[in-house]
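FYI, in this note's numbering the residues of the sequence shown are 694 to 1158. Cβ coordinates follow ideal geometry from the N, Cα and C atoms, glycine included. Please read all numbers here as calculations on a predicted model, not as lab measurements. Report on one structure; see the data block that follows.
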Amino acid sequence: MGVDLGLRYIAVASIGTKSLFFKDSQCAFIRRRYAALRRTLGKAKKLHMIRTIGRKESCWMKVINHKISRQIVRFALANGVGMIRMEKLTRSLNHRRERRKRIFPLDGGYCAPMMNVSIPPIHREMVEQARAYIDQLTKPPGSLGRLEEVAATLAGMTGELLPRVTPPGVLVFAADHGVTEEGVSAYPAEVTAQMVYNFANGGAAINAFSRQIGALLQVIDVGVAVPIADERVIQKKVRPGTNNFAETEAMTPSEAEQALHVGYEQAASIIEQGVRTLIVGEMGIGNTTAASALLATLTDEPLERIVGKGSGIKEEMLAHKQDVIRRALLLHRPDPAKPLEGLSKIGGLEIAAMAGAMLAAAERRIPILLDGFICTVAALVARQFAVNVTDYMIAGHRSQEPGHSIALRLLEKEPLLDLGMRLGEGSGAAVAFPLLISAMAMVNEMATFASAGISTANAKGEKGR
694 MGVDLGLRYI
704 AVASIGTKSL
714 FFKDSQCAFI
724 RRRYAALRRT
734 LGKAKKLHMI
744 RTIGRKESCW
754 MKVINHKISR
764 QIVRFALANG
774 VGMIRMEKLT
784 RSLNHRRERR
794 KRIFPLDGGY
804 CAPMMNVSIP
814 PIHREMVEQA
824 RAYIDQLTKP
834 PGSLGRLEEV
844 AATLAGMTGE
854 LLPRVTPPGV
864 LVFAADHGVT
874 EEGVSAYPAE
884 VTAQMVYNFA
894 NGGAAINAFS
904 RQIGALLQVI
914 DVGVAVPIAD
924 ERVIQKKVRP
934 GTNNFAETEA
944 MTPSEAEQAL
954 HVGYEQAASI
964 IEQGVRTLIV
974 GEMGIGNTTA
984 ASALLATLTD
994 EPLERIVGKG
1004 SGIKEEMLAH
1014 KQDVIRRALL
1024 LHRPDPAKPL
1034 EGLSKIGGLE
1044 IAAMAGAMLA
1054 AAERRIPILL
1064 DGFICTVAAL
1074 VARQFAVNVT
1084 DYMIAGHRSQ
1094 EPGHSIALRL
1104 LEKEPLLDLG
1114 MRLGEGSGAA
1124 VAFPLLISAM
1134 AMVNEMATFA
1144 SAGISTANAK
1154 GEKGR
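Structure follows, in structure tokens:
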């Protein structure tokens, strides 16, 4: 018997039978519920399997009996959990342990658990040690300006007095945005895929700058609207572009969470290859519109101060872009306290992936060198999942996009450079990276007053030994 709930899900069959279905799966809820029952499950021999099924999802969870099954179903109905299939199975403990190994993922599917990262605090003591050491170098205190603070900050991030920042890694996430249907960009949507091929061929600005700094560059398709047939591009497509968020939600919460995990996993992978600093970049026609809308949910600033010309639109199109965002925000009213809601209602896939990558880097004490507007909005999204992720961020440059200064202020970051850039791709951060090398050269190669046999300045500004 089917019951239409008139909401986001439909129940098929009835509680206590072999099958129950709810539309629009949210695997994270099932995983949390499963974790709460884990101790009891260890004693169970008669089980029910719960399988959540979605577009690209498959995740098995075990519960003991109909009583617990009914509890999960009632909670599911109250919280909008997606499609659930329950099957009555009897298994031996040994077989159950074998199946438990296949909980995530199963059969090539994907079930994204909630972002649950553990970011260590920075080493405050190491920051002070680094500052004290820098003051002993053969120069007047503070005479190398912000390079001195960068060096001390890097010491606190890594927990090392003389850290390494090379080689850097650059992750460029590419995805399309359905909001381009509204005419908010100077370029057509197909340019996203064309630029991905340009990245693969080494012809973009980020390719040139990555070669200059000796970076390991990876390009990831997390949501380009068309298939990318190039083995040099990492294929992690969550969905082929987002919906037009001016008319409907950009994606499902599960898809937003999956994109977060794509970014997290790619950052973890590149760090395992030896990367010591992470730069995240993006490519996606229409992504300044999504980033501006996300930023508007996090600040009281008017849209006129947030929304910029992006890819170079004219004044009349800028006003239209602001109207599109205003209309979308009135439609969705995303809760700023719920980052997954903002991502799912507005997008984009690459912004979510960038946020996930930052969380992975901070968890591993890897410095994050921020790029421009879209990257900094992704950093604000990452902060909503883990507040102290920002302790591992250094702002590379200030973009010409007006919203970037607002985003930097929210992050409490002062950029290293202000060159009037507004390209994206991670290009501004790559241009700023040599400053980190200079900061490390200062602490690694400069002599101290003692080692060079040079007199220090006393409190009166006179020379002393």
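- For residue 1022, same chain residues with a beta-carbon under 8 Å away, outside a window of 5 residues either side, are 986, 989, 990 in chain order.
- Less than 7 Å divides the Cβ of residue 1032 from the Cβ of residue 1077.
- In the DSSP annotation of this structure, the continuous segment of the beta strand (DSSP E) that includes residue 927 starts and ends at 926 to 928.
- Taking C-alpha positions only, residue 918 is separated from residue 935 by approximately 8 Å.
- For the pair of segments examined, the segment 879 to 897 was found not to touch the segment 846 to 862: the number of CB pairs separated by less than 8 Å stays below three.
- Taking the CA atoms as reference points, residue 856 sits about 47 Å from residue 876.
- When secondary structure is reduced to three states using DSSP, residue 972 falls in the strand class.
- Within the segment 1097 to 1154, the alpha helix (DSSP H) runs of at least 4 residues that lie entirely inside it are, in chain order, 1120 to 1138, 1142 to 1145.
- As far as DSSP is concerned, residue 959 takes part in no beta bridge.
- Per DSSP, reduced to three states, the secondary structure at residue 1017 is helical.
- Where residue 1062 is concerned, the enclosing beta strand (DSSP E) starts and stops at 1061 to 1063.
- Taken in chain order, the unbroken stretches of alpha helix (DSSP H) that lie wholly in the segment 859 to 935 and span 4 residues or more are 884 to 894, 898 to 906.
- Between residue 886 and residue 915, the C-beta gap is not smaller than 7 Å, which leaves the two residues out of contact.
- The segment 827 to 847 makes no contact with the segment 1003 to 1010: fewer than 3 CB pairs, one atom from each, lie closer than 8 Å.
- DSSP, reduced to helix, strand and coil, places residue 1086 within a strand of the structure shown.
- Shown here for residue 996: same chain residues with a beta carbon closer than 8 Å to its own, the five before and five after excluded, namely 985, 989, 1015, 1018, 1019 in chain order.
- Closest option to residue 1136, judged by alpha-carbon separation, among 813, 1118, 854: 854.
- In this structure, DSSP gives residue 830 an extended state, which the three-state scheme calls strand.
- The C-beta distance from residue 963 to residue 1062 rounds to 14 Å, too long to meet the 8 Å contact threshold.
- Under the three-state reduction of DSSP output, residue 1036 falls in the helix class.
- Collapsing the DSSP output to three states places residue 940 in coil.
- When C-alpha distances from residue 906 are compared across 1149, 1124, 813, the shortest belongs to 1124.
- In summary, residue 1081 is exposed, with fewer than 16 beta-carbon neighbours lying within 10 Å of its beta-carbon over all protein chains present.
- Closest in C-alpha terms to residue 1090, from the list 948, 1075, 1084, 1067, comes 1067.
- Minimum Cα-Cα distance from residue 1112 among the listed residues 1118, 1105, 1122 corresponds to 1122.
- In this structure, DSSP gives residue 978 a state outside helix and strand, which the three-state scheme calls coil.
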